[in-house]
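Under this note's numbering, the first residue of the sequence shown is numbered 2, with each subsequent residue one higher. I have placed the structure first, in the form of structure tokens, so that the comments after it can refer back to it.
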Amino acid sequence: MNAPESPRIAVQLPDGLNYVNGQWIDDPDAERIEVRDPATEAIIGAIPCSTAATVDRAVAAATRAFHDPAWASLAPLAREALLHRLATLIEEHASELAAIESLDNGKPLAFSSTLDVPVCVQWLRYFAGWPSKLSGRQLAPAMLPAGSTHAYTLREPVGVVGAIVPWNFPLVLAVWKLAPALAAGCTVVIKPAEQTPYSLLKLAQLIEAAGFPKGVVNVVLGDGRTGQHIVDHPGIAKISFTGSTAVGKRIAACVANDLKRVTLELGGKSPTVILPDADLETAIPGAAQAVFVNSGQICFAGTRLFAPRKTFDRVLDGIASVGATFKIGAGLEPDTMLGPVVSQRQLDSVMGRVEAGIKAGAAVHSGGKRVAREGYFVEPTILVTDDRQNPAYREEVFGPVLTATPYDDLDELAALANDTEYGLGAHVYTRDLSKAHQLARKIQAGTVWVNTQLAPDPHLPFGGFKQSGWGRENGEDVFAHYLETKSVVVNIG
Ligand code: NAD
2 MNAPESPRIA
12 VQLPDGLNYV
22 NGQWIDDPDA
32 ERIEVRDPAT
42 EAIIGAIPCS
52 TAATVDRAVA
62 AATRAFHDPA
72 WASLAPLARE
82 ALLHRLATLI
92 EEHASELAAI
102 ESLDNGKPLA
112 FSSTLDVPVC
122 VQWLRYFAGW
132 PSKLSGRQLA
142 PAMLPAGSTH
152 AYTLREPVGV
162 VGAIVPWNFP
172 LVLAVWKLAP
182 ALAAGCTVVI
192 KPAEQTPYSL
202 LKLAQLIEAA
212 GFPKGVVNVV
222 LGDGRTGQHI
232 VDHPGIAKIS
242 FTGSTAVGKR
252 IAACVANDLK
262 RVTLELGGKS
272 PTVILPDADL
282 ETAIPGAAQA
292 VFVNSGQICF
302 AGTRLFAPRK
312 TFDRVLDGIA
322 SVGATFKIGA
332 GLEPDTMLGP
342 VVSQRQLDSV
352 MGRVEAGIKA
362 GAAVHSGGKR
372 VAREGYFVEP
382 TILVTDDRQN
392 PAYREEVFGP
402 VLTATPYDDL
412 DELAALANDT
422 EYGLGAHVYT
432 RDLSKAHQLA
442 RKIQAGTVWV
452 NTQLAPDPHL
462 PFGGFKQSGW
472 GRENGEDVFA
482 HYLETKSVVV
492 NIG
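Have a look at this one:
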């Protein structure tokens with residue numbers, strides 16, 4: 002296989018150390034996990050698979066910090082200022098963060114610098130606005146004589162949050178958890194995915210520089226075994242997990258032991274539905290972006306396409322030709338638009354699902370193969386099937402792979418869109434406003450985008466119906482998961 006030819010940007014990675022109570026510490030008893038560049042398969046570093054002892058230290062530090070007046074009694078505006086300061090530091094280190102993310106995850110610099118890093122800044126600035134607005138309210142008890150009591154609610158931070166993030170948007174998804182948790186006054190023990198630890202370690206340096214008190218944010222490195230220690234730790238009040246549905250189900254079962262609070266952002270198999278009246282100039286590039294951006298490693302990627310039989314071939318040819326314009330290369334090559342998938346394991350998983358789909362009868366419209374070069378690259382792929390049991394149609398592939406199905410009857414669209422155990426997102430293309438709103442109501446998904454795609458917003462709740470998860474991230478709704486409500490009733494009669 003040939004080595005990539007374009008020039009690559011040099012990147013300085015942080016040391017692979019845990020960040021606990023404001024100190025950078027190793028775990029001498031831990032196994033080492035190698036971290037690879039997915040574009041070259043070369044080892045770029047190693048991290049500890051931290052043991053229960055390190056998780057224990059991190060939880061102890063987070064618990065102390067949670068009760069320490071330096072954090073617990075901070076005025077809301079001072080907490081807001083810390084979040085703004087962190088956002089400013091991210092802006093100042095934007096190119097470094099983007100380069101780390103592109104090396105570690107493989108995603109194109111064109112995206113990490115214009116999407117991942119700016120999104121972190123936007124989310125932090127949005128959540129920086131909340132601490133001064135989070136308060137309880139005065140209520141009149143329904144069963145007591147008027148004026149006999151003074152009753153009100155307090156909204157208190159839930160405690161130490163255990164945050165576990167995946168590798169597809171390492172920095173963004175860490176910030177989606179850190180920003181609301183910190184705005185609510187919680188403290189955090191956070192674990193990046195073992196494949197992509199470095200951007201969160203760089204973020205920890207910036208968190209320290211921003212002036213957050215020691216122990217408010219602790220980063221613990223490791224794989225699922227370390228994650229399991231976090232899930233099982235009795236000092237953790239709430240788990241905020243983003244990852245696969247299989248691990249999410251396991252976590253749900255584990256937290257039943259002590260009824261920890263839990264939110265789960267899990268897998269997806271989101272539909273892109275093109276109606277006969279859709280503007281194909283918008284729908285075709287939109288559908289292509291929805292499945293090929295980030296090499297399809299987006300939980301709400303539009304991976305099942307439904308297009309009218311009459312325009313089916315035109316739509317598929319259009320999506321394939323947009324895919325063909327995505328220049329394949331290492332994330333750090335400046336002109337790359339389609340990076341590798343994150344690991345050998347992910348490559349095997351994606352190719353295994355593509356091959357299973359073809360074996361079960363799906364026709365290959367385009368792509369379908371690993372790219373013949375070093376690194377974990379997969380061709381932008383379109384498989385055609387109307388077999389709703391085909392594994393490529395049913396299972397989350399998490400690579401640049403679309404299954405396409407023609408339809409004849411508009412009335413079957415909602416049922417087709419909902420024909421999945423998941424319910425994270427949906428993309429609908431139509432010029433008919435009534436149909437857009439009707440379908441948006443009928444589709445079982447946490448977010449429905451109409452005539453646009455892949456556009457989360459910090460003010461809009463995000464999460465899954467069905468097996469795509471529990472709870473919502475973002476917007477005001479997220480605070481239901483980071484705050485406990487306490488009613489106080491005072492007899493003044
Ligand atoms: P994964 O579930 O294997 O791993 C995710 C994280 O969980 C990693 O940090 C991993 O180390 C940790 N982990 C693994 N086993 C654990 C355990 N037993 N206890 C605690 N932590 C454990 O998922 P993945 O394959 O790395 O990520 C891809 C999946 O994530 C896809 O299914 C994708 O749809 C999903 N995802 C969902 C969202 C969302 O917002 N809904 C966003 C991104 C990714």
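Glycine included, C-beta positions come from ideal geometry on N, C-alpha and C. Keep in mind that this is a model prediction, so the values were computed, not measured.
The continuous stretches of beta strand (DSSP E) do not include Thr337, and DSSP gives it neither H nor E. Counting the other CB atoms within 10 Å of its CB gives Ser74 a total below 16, which places it among the exposed residues. A distance criterion of 8 Å places the beta-carbon of Gln24 beyond contact range of ligand 1, judged by its closest non-hydrogen atom. Tyr199: not part of any beta strand (DSSP E); member of the alpha helix (DSSP H) spanning Tyr199 to Ala211, first to last residue.
With respect to Phe480, Ala40 sits apart: the two C-beta atoms are not nearer than 9 Å.
Here the distance from the Cβ of Phe112 to the nearest heavy atom of ligand 1 is not below 8 Å. DSSP places Ile285 in the helix class (H, G or I) of the three-state scheme. Looking at the DSSP output, Phe128 bridges to nothing.
In this structure, the alpha-carbon of Ala31 lies about 15 Å from that of Gln229. Sorting Val402, Asp259 and Asp280 by C-alpha distance to the C-alpha of Gln347 places Val402 at the top. Of all C-beta pairs linking the segment 215-227 to the segment 15-28, three or more are shorter than 8 Å, placing the two stretches in contact.
A distance below 7 Å between beta-carbons, with the five flanking residues on each side excluded, links Phe463 to the following residues of its chain, in chain order: Gly447, Thr448, Pro457, Arg473, Glu474 and Asn475.
Given a length threshold of 3 residues, each whole run of the beta strand (DSSP E) inside the segment 248-285 is given here in chain order: 262-266 and 271-275.
In the DSSP assignment, Trp72 forms no beta bridge with any residue.
Taking a C-beta distance under 9 Å as the contact criterion, Thr55 and Ile26 qualify as a contact pair.
Restricting attention to alpha helix (DSSP H) runs no shorter than 4 residues, the segment 335-407 encloses them at 345-360 and 392-395, ordered along the chain. Residue side-chain check: Asp224 places its Cβ nearer than 8 Å to a non-hydrogen atom of ligand 1. According to the DSSP assignment, Ile165 belongs to the beta strand (DSSP E) that extends over Val161 to Ile165.
One thing to note: Pro392 has its Cβ no nearer than 9 Å to the Cβ of Ala418. Taken through DSSP and simplified to helix, strand or coil, Arg33 comes out as strand. Considering only Arg58, Asn258 and Gly268, the residue with the shortest C-alpha distance to Ser245 is Gly268. The C-beta separation of Gly376 from Glu42 comes to about 6 Å, placing the pair in contact by the 8 Å criterion. The way I'd put it, the segment 152-167 does touch the segment 179-196; three or more beta-carbon pairs between them come closer than 8 Å.
For Val490, the pairing in a beta bridge is given by DSSP as Ala152. Collapsing the DSSP output to three states places Arg305 in a strand. Take the alpha-carbon of Ala257 and the one of Ile240: they are about 12 Å apart.
Rounded to whole angstroms, the separation of the alpha carbons of Arg432 and Ala95 is 38 Å.
With respect to the 9 Å criterion, Val248 and Thr273 are not classified as neighbours on the basis of their beta carbons.
By the criterion of at least three beta-carbon pairs nearer than 8 Å, the segment 406-416 is not in contact with the segment 319-336.
For Trp168, the shortest C-beta to heavy atom distance toward ligand 1 is below 8 Å.
Take the alpha-carbon of Ala284 and the one of Gln290: they are about 10 Å apart. For Gly340, the closest of Val294, Gly287 and His460 by C-alpha to C-alpha distance is Val294. In the three-state scheme derived from DSSP, where H, G and I count as helix and E and B as strand, Lys215 is classed as coil.
Contact between Thr197 and Trp168 holds: their C-beta atoms lie close to 4 Å from each other, under 8 Å. Residue side-chain check: Val263 keeps its Cβ at 8 Å or more from all non-hydrogen atoms of ligand 1.
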